[in-house]
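*Asks:*
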Amino acid sequence: MATNKSAFSRRSFIKGMVGAGVAGLLPCRFLVPQAQAAAFDPEEFQVFRNACPRNCYDTCSIKTYVKDGVVRFIEGAPESTFTRGGLCVKGYAYTRRPYSPDRVKYPMVQDGRRSGKWRRVSWDEAMDKIARKILELKEQDGNLLGLGMTKYSGNFGITNYAVEGLMSSLGYTTRFVGTPCWPAGIDAQNYDMGNMWCNDPEDMVKSKYIIIWGANPAWCSVHTMKYIMEAKRRGAKVVVVDPVFTQTAAKGDVYWQPKTASDGALALGMARHILDKGMVDRNFTDNHGLGFGEFADYLRGNVTVEWAAEQSGIPAEEIRQVAEEFASADPATIWIGYGMQRHTNGGASVRSIDALVAMTGNVGKEGGGARYGHLQTWGFNYNAMIQQKPEGSVGFVGGAAKGEFDFTSGSEASYSDRTVNINKTAQNILDTKDPALRMLWVSCKNPFGQDFDRPKLEKAFDTLEMVVTVDQFFNETVANSDIVLPVTTLFEEWTVNASYWHYWLGLNEQAIKPMYEAKSNIEIGMALSRKMNELSPGSCTFPQEPDTREWMAKEFNQGIYDLFGIDDWTALKNGPVKAKLASSASWSTFQFGTPSGKYEFRSDICKDNGHMALPEYMEPRKSYDKFRLLTPHTKFAIHSQFLNLDWMQEYDKQPYLYMHPEAAAEKGIKDLDMVRVFNKVGEQKVVAKLTTNVAKDCLLIYEAWFGKGSTFNVQNLVDDESADMGEYKAGAPGVAIHDQFADVEKA
Amino acid sequence: MKKQYAFLVDSELCIGCFTCAMACRNYYHPPEGVIWRQVYPLDEEIYPHRERAFYSLACNHCENPTCLNVCPVEAYTKREEDGVVVHHQEKCIGCGNCIRSCPYGAPKYNPVEKRAEKCSFCHERLDAGLKPACIQSCPTGALSMVDLAELEPGNQVQYPAGFPKMEDVNPSTRFILPKLPRLVRR
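Line order of the protein sequences matches chains A and B.
Its first residue numbered 0, the first sequence is counted upward by one per residue in numbering that gives the first Met the number 0.
Its first residue numbered 0, the second sequence is counted upward by one per residue in numbering that gives the first Met the number 0.
1) Below 9 Å between beta carbons: does that hold for Ser528 of chain A and Val486 of chain A?
2) When we look at the beta-carbon of Lys530 of chain A and count the other beta-carbons within 10 Å, is it buried (16 or more) or exposed?
3) At a CB-CB cut-off below 8 Å, which residues of chain B make contact with Pro314 of chain A?
4) Taking 9 Å as the CB-CB limit, is Ser143 of chain B close to chain A?
5) Quick check on the burial criterion: 16 or more other C-beta atoms within 10 angstroms. Buried or exposed for Gly90 of chain A?
6) Name the DSSP bridge partner or partners of Glu599 of chain A?
7) Any residues in the stretch 250-267 of chain A with a beta carbon nearer than 8 Å to a beta carbon of chain B? Which ones, in chain order?
8) To test your reading of the DSSP string, which unbroken alpha helix (DSSP H) runs of 4 or more residues are found completely within the stretch 78-127 of chain A?
9) Does the beta carbon of Asn25 of chain B sit closer than 9 Å to a beta carbon anywhere in chain A?
10) Spell out the partners DSSP gives Asp738 of chain A in its beta bridges.
11) When you compare the stretch 458-468 of chain A with the stretch 158-176 of chain A, are there three or more beta-carbon pairs, one atom per stretch, that lie closer than 8 Å?
12) Is the Cβ-Cβ distance between Ala662 of chain A and Phe626 of chain A less than 9 Å?
13) Compile a chain-ordered list of the residues in the stretch 121-143 of chain B whose CB is closer than 7 Å to at least one CB of chain A.
14) Could you check if Arg453 of chain A is buried or exposed, using at least 16 other CB atoms within 10 Å of its CB as the buried criterion?
15) Is it buried or exposed for Leu456 of chain A, if we count other Cβ within 10 angstroms and need 16 for buried?
16) For a contact defined as C-beta to C-beta under 8 Å, what are the partners of Asp40 of chain A on chain C?
17) Measure how close the beta-carbons of Thr172 of chain A and Leu134 of chain A come, nearest whole angstrom, since I'm counting them as under 8 Å.
18) Consider the Cβ of Pro180 of chain B: report whether some Cβ of chain A lies at a distance smaller than 9 Å.
19) What does the alpha-carbon distance come out to for the pair Lys679 of chain A and Lys458 of chain A?
20) Beta strand (DSSP E) containing Gly558 of chain A: first to last residue?
21) Are the stretch 290-308 of chain A and the stretch 588-607 of chain A touching, with three or more C-beta to C-beta distances below 8 Å?
22) Give me the Cα-Cα distance between Leu24 of chain A and Lys728 of chain A, rounded to the nearest whole angstrom.
23) Starting from the beta carbon of His48 of chain B, find every residue of chain A whose beta carbon is closer than 8 Å, and list them in chain order.
24) Can you tell me the Cα-Cα spacing of Asp126 of chain B and Phe460 of chain A, whole angstroms?
25) Pick helix, strand or coil for Leu142 of chain B, following the three-state DSSP scheme.
26) What are the start and end residues of the beta strand (DSSP E) that includes Arg790 of chain A?
27) Buried or exposed: which applies to Ala230 of chain A, given that a residue is buried once 16 or more other Cβ atoms fall within 10 Å of its Cβ?
28) Identify the continuous alpha helix (DSSP H) that holds Leu169 of chain A and give its terminal residues.
29) Expressed to the nearest angstrom, what Euclidean distance is found between the alpha-carbon atoms of Arg299 of chain A and Trp196 of chain A?
30) May I ask which residues mark the beginning and end of the alpha helix (DSSP H) holding Asn479 of chain A?
31) Going by DSSP, name the residue or residues bridged to Phe47 of chain A.
32) CB Asn749 of chain A to CB Gly448 of chain A, shorter than 9 Å?
33) Are the stretch 612-629 of chain A and the stretch 196-207 of chain A touching, with three or more C-beta to C-beta distances below 8 Å?
34) Flag Tyr701 of chain A as yes if its beta-carbon sits less than 9 Å from any beta-carbon of chain B, otherwise no.
35) Does any C-beta atom of chain A lie closer than 9 Å to the C-beta of Tyr108 of chain B?
36) Return the CA-CA distance between Arg271 of chain A and Glu744 of chain A, expressed in angstroms with no decimal places.
Shown next as structure tokens:
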């Protein structure tokens with residue numbers, strides 16, 4: 000009885016607090032087993048379907064347990080064979096996210112950028128300030144190209160394309176296009192195969208030989224690890240190639256640590272050996288390949304295993320052994336990570352690895368494949384994105400690039416939006432003229448946590464007359480803004496989520512009412528539209544009606560229904576569904592998307608776009624400082640998201656620099672010393688940890704944002720050098736995130 | 000032998016992802032500093048690469064639990080049906096005897112409740128036919144539940160290097176040791 004009474008009073012208490020909007024401040028313990036605790040009863044909860052919208056391979060399907068309007072706990076959807084009832088460390092931290100005391104709770108205005116002098120304003124006041132600025136820009140410039148929008152992977156929920164839609168509904172604006180993530184590899188795969196399209200990761204269990212090349216799924220795609228380990232259990236050999244001895248490498252059979260950016264040479268060396276040994280799959284190269292003869296001539300004339308060994312640091316005998324094993328295993332596959340293409344020769348390296356998979360006949364095969372990513376399940380209507388321009392809108396004259404997630408058909412207007420490279424955000428803010436960028440709208444993105452050359456970015460933002468940031472937390476971009484608008488978490492909005500890796504589709508239901516005064520991106524668009532039309536009728540075409548559930552429903556079409564074998568989107572309430580695949584293999588019909596319809600070892604489009612027609616070796620970027628600096632993802636965060644949560648900081652309290660003990664000894668650095676890492680871009684103080692997981696010439700710092708006044712930011716050390724490819728399909732070249740160099744000293 | 004549920008920690012499969020630890024937090028919402036399940040990187044003397052092999056540890060649900068033996072108010076019981084050691088917080092007076100005595104550091108002090116608490120093996124979930132939250136969450140199956148009465152002899156060990164050998168209490172957790180890949184470094 001005592002237990003029941005206490006449970007009841009606590010529940011009523013919480014209910015009252017939710018109304019007051021402070022439930023997040025409570026140490027809320029709903030599920031502590033009591034003395035005579037009854038068995039867990041799912042009937043006590045309302046269960047909702049959610050899906051993780053972050054930039055992650057796994058895009059997990061979530062089951063959310065809600066009681067009295069509060070998210071009590073979440074788990075993975077058991078219906079998805081990919082998620083299989085579990086999430087990841089980041090996913091489980093979501094329960095804390097809507098209730099975090101650090102959330103942006105209300106629209107706020109900052110009196111002076113970086114001053115921290117924030118004051119609460121009403122939504123109406125915020126919209127009034129923003130709308131008046133937009134109208135002023137239009138009045139003074141004669142167009143709205145002075146309004147820029149930068150948005151990327153902070154929330155890939157389909158309805159969040161309402162941000163693009165809002166910009167379109169105001170007129171022609173300036174868009175930051177491209178992607179920091181994977182563009183060089185996307186272009187490479189498009190040149191080779193006509194699209195970026197990977198096998199179902201679940202079919203990796205059929206592989207007899209798996210090379211994981213520059214990917215770290217143990218941290219970045221935890222659910223894929225079970226397929227790799229199952230393949231291993233069934234006898235497959237797993238080789239991990241990475242400049243860092245990663246957690247994935249620790250689970251492989253063989254680990255190769257090549258010199259960073261030598262991947263192309265390594266792949267070509269393997270290709271040459273396979274050619275010499277007569278292990279090429281002639282059926283594939285003759286019937287489904289174009290230009291293999293020329294590629295073979297290139298290999299014979301320019302590549303030797305010894306040369307590859309010299310370039311990469313991997314012994315020739317080792318290259319021969321793995322090449323032979325790979326070529327004789329059936330099927331064999333290579334997972335190409337996004338990290339290894341973040342180089343000035345990244346696209347060329349991906350083409351070399353593609354060629355290696357293709358020449359052994361593993362493209363188009365179940366359990367095989369040159370796996371990189373896919374957008375096969377993203378055929379939504381993008382209804383949120385398609386808005387009419389207001390009458391008489393004036394824009395940019397000439398063609399403009401489109402981003403890689405832009406599936407809309409081409410505009411027929413004589414004007415277009417103005418596009419600039421997202422990977423050179425700082426430089427483009429400084430350089431763009433006629434009209435200059437005067438106002439910036441930031442959503443689903445934290446440029447200061449993600450974009451490059453942070454010191455330059457600060458200078459660039461200082462030239463802007465108004466910065467509006469839509470976010471959940473007071474991050475560094477918010478600190479560099481004038482107005483912040485609170486946006487909903489996944490539990491508080493409707494959307495739908497597809498993956499760029501697996502083939503499951505998940506619904507995201509609104510499980511709880513938005514906390515505080517948060518609004519979804521659609522609702523923010525509606526609020527601004529109402530204010531724009533109030534001040535200047537006809538100045539914004541964005542709808543003003545507030546049913547966001549309807550917006551979600553409008554994203555579906557027959558193509559999506561057929562692909563997933565459902566009649567209506569509401570079927571997703573029963574659980575996630577998987578695309579009906581003719582084969583788990585991409586390109587299983589060998590009808591490639593290239594001009595020749597074949598796998599193109601020689602690509603004329605590639606040549607026409609200023610690259611080499613064949614997957615030839617390309618020299619890496621020259622070093623500009625003493626050590627190679629790598630800034631990959633940590634397991635506790637996705638870019639700048641998650642690590643600021645107190646729940647996450649229980650397990651990861653501070654950032655570290657990882658360096659080799661011998662290199663540290665030369666610098667007089669001991670374990671856990673505070674050090675200063677510096678280069679031509681800027682500097683960062685951080686505590687050092689010594690480990691042989693990194694090479695002697697390498698410094699490693701994981702990308703993260705810790706929140707709560709921490710000034711740690713790896714973007715103080717990363718310049719905006721472009722990768723070789725990316726412009727063809729993503730609209731702008733990629734960025735050479737891992738072609739960075741720095742020095743270190745004891746602080 | 001009586002039924003005794005135990006955690007099986009397969010370090011060969013464990014990727015050190017901390018999912019189990021966060022799944023526990025997601026389910027029980029302990030206040031700051033109170034950790035029922037933690038993931039420990041192995042010392043380099045045990046596994047020669049820093050932070051690349053791990054043991055996920057919570058309460059060991061011992062055969063002869065110290066916490067139970069030292070508790071002055073009988074706030075601990077050991078379930079007959081499955082050997083799960085339960086802490087009854089409403090009986091706890093917060094004296095800290097269990098916290099000081101457990102050789103594995105499982106009971107923690109909850110500063111909000113001003114009492115002790117520890118991993119419950121999610122016994123209320125077990126009773127509903129569900130897996131403990133940590134086990135359900137593990138993406139590689141590295142953390143699983145076994146019944147020691149039925150556990151076949153195999154490559155699992157009770158006292159791996161670094162894990163205190165406390166034969167008196169006879170901890171239930173079993174381990175499978177991590178493996179090393181062949182390394183080709185420049």
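We put the CB at the ideal spot given by N, CA and C, even for glycine.
On a predicted model such as this, the values are computed, not experimentally measured, just so you know.
*Replies:* Answer, in terms of the structure:
1) no
2) buried
3) Val183
4) no
5) So Gly90 of chain A counts as buried.
6) A:Leu289
7) Taking 8 Å as the Cβ-Cβ cut-off against chain B, the residues of the stretch 250-267 of chain A that qualify are Lys250, Gly251, Asp252, Val253, Tyr254, Trp255, Gln256, Pro257, Lys258.
8) Along the length of the stretch 78-127 of chain A, whole alpha helix (DSSP H) runs at least 4 residues long occupy 88-91, reported in chain order.
9) yes
10) Looking at the DSSP assignment, Asp738 of chain A forms no beta bridge with any residue, so it has no partner.
11) Counting Cβ pairs under 8 Å, fewer than three are found: no touch.
12) yes
13) For the stretch 121-143 of chain B, which is checked against every Cβ of chain A, the residues closer than 7 Å are His122, Glu123, Arg124, Asp126, Ala127, Leu129, Gln135, Ser136, Cys137, Pro138, Thr139, Gly140.
14) buried
15) So Leu456 of chain A counts as buried.
16) Here chain C cannot be found, since the structure's protein chains are A and B.
17) At roughly 14 Å, the Cβ-Cβ gap does not stay under 8 Å, so Thr172 of chain A and Leu134 of chain A are not in contact.
18) yes
19) Straight-line Cα distance between these residues: approximately 16 Å.
20) From DSSP, Gly558 of chain A is part of no beta strand (DSSP E) but of the alpha helix (DSSP H) over 557-563.
21) yes
22) Reliability fails at Leu24 of chain A, whose pLDDT of 39 lies under 50, so the model's placement of it is uncertain and no value is given.
23) Chain A residues near His48 of chain B: Phe244, Ala249, Thr690, Thr691, Asn692.
24) If I take the Cα positions, the gap works out to 57 Å.
25) strand
26) Since the displayed chain A opens at 0 and closes at 746, residue 790 of chain A lies outside it and no answer follows.
27) buried
28) 161-169
29) Straight across, the Cα-Cα distance linking Arg299 of chain A with Trp196 of chain A is about 30 Å.
30) Counting along the chain, Asn479 of chain A falls outside any alpha helix (DSSP H), and DSSP gives it neither H nor E.
31) Paired residues: A:Thr63.
32) A query on residue 749 of chain A cannot be resolved here, the shown segment of chain A reaching from 0 to 746 and no further.
33) no
34) no
35) For Tyr108 of chain B, the nearest beta carbon of chain A is not closer than 9 Å to its own beta carbon.
36) 43 Å
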